[in-house]
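Novice: Next up is a structure, given as structure tokens.
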Amino acid sequence: GGQESFVLDTPAWESNAEIVFTVIFTVEMTMRLLAEELVFFVGRECVWNLLDMSLVLSSLTELILSRWGSNIVNITFIRLLRLLRLVRALRSVRILRFLKLFGKFRLLLMAITNSVVPTIWACIVLFWMFFLVSVILVFGVTEYVTGGDTDADVVSDLQELFGGLDWTLLTLFMSITGGVSWEVVIRPLLKVHLAYGLLFVTFVAAMMLAALNIIAGIFVNDAIEMAQMDRDFVMQNKASHNKAHLAELTEMFHEFDTKQDGMLTLDEVDNPWKDPAVKARFKLMGVEYAESTTLFDLLDVDGTKEIEIDEFVMGCLHCQRMTKPVDHQTYLKGTKRLNQLFSQSTERIESRLDAIQSEVLAASKTRFMSVLDGPGAMSDTAEGTALAPQATQLLPQMSKATVLHSREIDINSEWC
1 GGQESFVLDT PAWESNAEIV FTVIFTVEMT MRLLAEELVF FVGRECVWNL LDMSLVLSSL
61 TELILSRWGS NIVNITFIRL LRLLRLVRAL RSVRILRFLK LFGKFRLLLM AITNSVVPTI
121 WACIVLFWMF FLVSVILVFG VTEYVTGGDT DADVVSDLQE LFGGLDWTLL TLFMSITGGV
181 SWEVVIRPLL KVHLAYGLLF VTFVAAMMLA ALNIIAGIFV NDAIEMAQMD RDFVMQNKAS
241 HNKAHLAELT EMFHEFDTKQ DGMLTLDEVD NPWKDPAVKA RFKLMGVEYA ESTTLFDLLD
301 VDGTKEIEID EFVMGCLHCQ RMTKPVDHQT YLKGTKRLNQ LFSQSTERIE SRLDAIQSEV
361 LAASKTRFMS VLDGPGAMSD TAEGTALAPQ ATQLLPQMSK ATVLHSREID INSEWC
């Protein structure tokens with residue numbers, strides 16, 4: 001009777017809540033079975049689906065047994081009901097299915113999983129240190145107890161703390177983990193010999209100040225490396241940083257915009273730039289420039305001498321990426337390639353101009369020679385003959401102007 005009440009007696013609200021959730025989960029499972037059909041058992045998430053089905057079936061079985069089998073009193077029934085309620089603890093495993101929604105929690109589990117092997121090696125090293133010190137202490141305590149002149153109280157304490165190798169290991173472990181005060185341990189050791197007391201103090205100091213901290217540092221370093229290699233965590237971290245930088249840059253834009261017209265001029269950027277705090281804020285975001293004019297020229301893409309909020313925010317983010325050496329190298333390589341293409345285009349333009357010059361000279365020569373063929377052609381070729389020297393003088397000047405002002409030419413591969 002006592003066992004039955006211990007197992008079966010539950011509050012009414014808990015029983016009602018269990019019924020409600022069981023019905024909800026059963027309906028949800030049925031709808032998923034009807035919707036997915038065979039994919040439910042062989043799909044990508046078949047393992048999670050089978051786990052959900054087992055939990056629903058166990059909840060239904062528990063509900064049926066607790067409602068209609070309450071009159072059955074035997075050990076097998078009680079053990080079965082206990083087992084079914086123990087299976088309920090597996091529901092917490094379902095949270096692993098949604099780990100992508102909990103980045104920090106997922107990172108913690110991954111760090112713990114990744115630190116299993118280092119933990120084993122750390123335990124081996126610690127056990128070796130414990131064992132070595134324990135052997136020395138047991139040897140000293142044994143020599144003292146088997147000696148002639150001993151104090152009964154000290155012997156009693158030594159037997160309680162260092163009664164064997166196993167008890168010595170446990171005493172040392174409790175000394176560094178707070179299970180027992182190491183002052184209680186060192187007093188009887190000092191009665192044995194001062195050297196054993198110093199050995200114990202050295203052991204505690206080495207474990208507390210060195211070994212445990214080094215092991216903890218290794219675990220932290222492994223967790224950091226795991227976080228850096230996890231793609232989802234890196235993306236979430238970068239997204240959060242970008243969001244924070246967007247908010248910071250938007251706030252700075254409104255602070256610089258003294259005219260409240262939604263535009264920034266060079267003066268509005270230059271005046272706050274003299275404040276070291278403003279430079280520090282830009283530096284924290286990875287935007288480092290010595291002069292405000294340099295930053296303003298980079299942000300003023302359209303050349304209007306005014307910067308909108310979009311140009312300011314996105315330009316600063318671009319400058320932030322450009323501070324990396326790889327981005328600098330890519331930028332320099334791209335600039336070099338553009339210069340090469342521009343030089344090739346300029347050479348093609350000059351060659352075309354030379355060809356045009358040659359054609360004009362040839363045409364003028366032809367027209368001039370046609371004058372000798374008859375007086376009727378004189379009037380037709382007079383204009384060409386007069387323009388030929390002008391074209392001859394003009395085309396070299398055009399070629400020189402093209403070279404001097406090549407940055408103003410719109411290079412078009414089809415035209416060239």
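Residue numbering for the sequence shown follows the UniProt record's numbering, starting at 1 and increasing by one per position.
We treat Cβ as the ideally placed atom computed from N, Cα and C, and that holds for glycine.
For clarity, every value in this text was computed on a predicted model and none was experimentally measured.
(1) Between A280, E251, R281 and K274, which has its C-alpha nearest T293's C-alpha?
(2) Are there 16 or more other CB atoms within 10 angstroms of the CB of M235, so buried, or fewer, so exposed?
(3) Going by Cα to Cα distance, which pick from A244, M263, T26 and G262 is closest to residue 458?
(4) Alpha carbon to alpha carbon, how far is M208 from E268?
(5) If we count the other Cβ atoms within 10 Å of its Cβ and call it buried at 16 or more, is I24 buried or exposed?
(6) What is the DSSP secondary structure of V20, reduced to helix, strand or coil?
(7) Count the other C-beta atoms from every protein chain shown that fall within 10 angstroms of the C-beta of T171, then say buried if there are 16 or more, exposed otherwise.
(8) Use the C-beta contact count for residue 422: other C-beta atoms within 10 angstroms, 16 or more gives buried, fewer gives exposed.
(9) E311: buried (16+ other C-beta within 10 angstroms of its C-beta) or exposed?
(10) Where does L38 sit, in a helix, a strand or coil, going by DSSP?
(11) Is it the case that the stretch 227-241 contacts the stretch 135-154, given that we only count it when at least three CB pairs across the two stretches are under 8 angstroms?
(12) Throw me the rounded Cβ distance for the S181 and V204 pair, which I believe falls under 8 angstroms.
(13) In whole angstroms, what separates the C-alpha of T30 from that of P11?
(14) Output needed for M226: all residues of its chain with C-beta closer than 6 angstroms, excluding positions within five of it in sequence on either side, in chain order.
(15) Nearest-angstrom Cα distance between R106 and N221?
(16) Hey, out of T168, R367, D261 and E359, whose CA is closest to F200's CA?
(17) Rounded to whole angstroms, what is the Cα-Cα separation between V185 and F131?
(18) When burial is assigned at 16 or more other CB atoms within 10 Å of the CB, is G315 buried or exposed?
(19) For P188 and L126, what's the separation of their Cα atoms in angstroms?
(20) So, are the CB atoms of M263 and E308 less than 9 angstroms apart?
(21) Which residues in the same chain as C46 place their Cβ atom closer than 8 angstroms to its Cβ, once the five residues preceding and following it in sequence are excluded?
(22) In the DSSP assignment, the alpha helix (DSSP H) including S156 goes from what residue to what residue?
(23) Is the CB-CB distance between Y144 and L158 below 9 angstroms?
Specialist: According to the structure data:
(1) K274
(2) exposed
(3) Nothing can be reported for residue 458, as the shown portion of the chain is limited to 1 through 416.
(4) 57 angstroms
(5) exposed
(6) helix
(7) buried
(8) What the structure shows of the chain is the stretch from 1 to 416, and residue 422 is not part of that stretch, so it cannot be assessed.
(9) buried
(10) coil
(11) no
(12) At roughly 11 angstroms, the Cβ-Cβ gap does not stay under 8 angstroms, so S181 and V204 are not in contact.
(13) 29 angstroms
(14) M110, A111 and N114
(15) 17 angstroms
(16) T168
(17) 17 angstroms
(18) buried
(19) 24 angstroms
(20) yes
(21) F40
(22) A152 to F162
(23) yes
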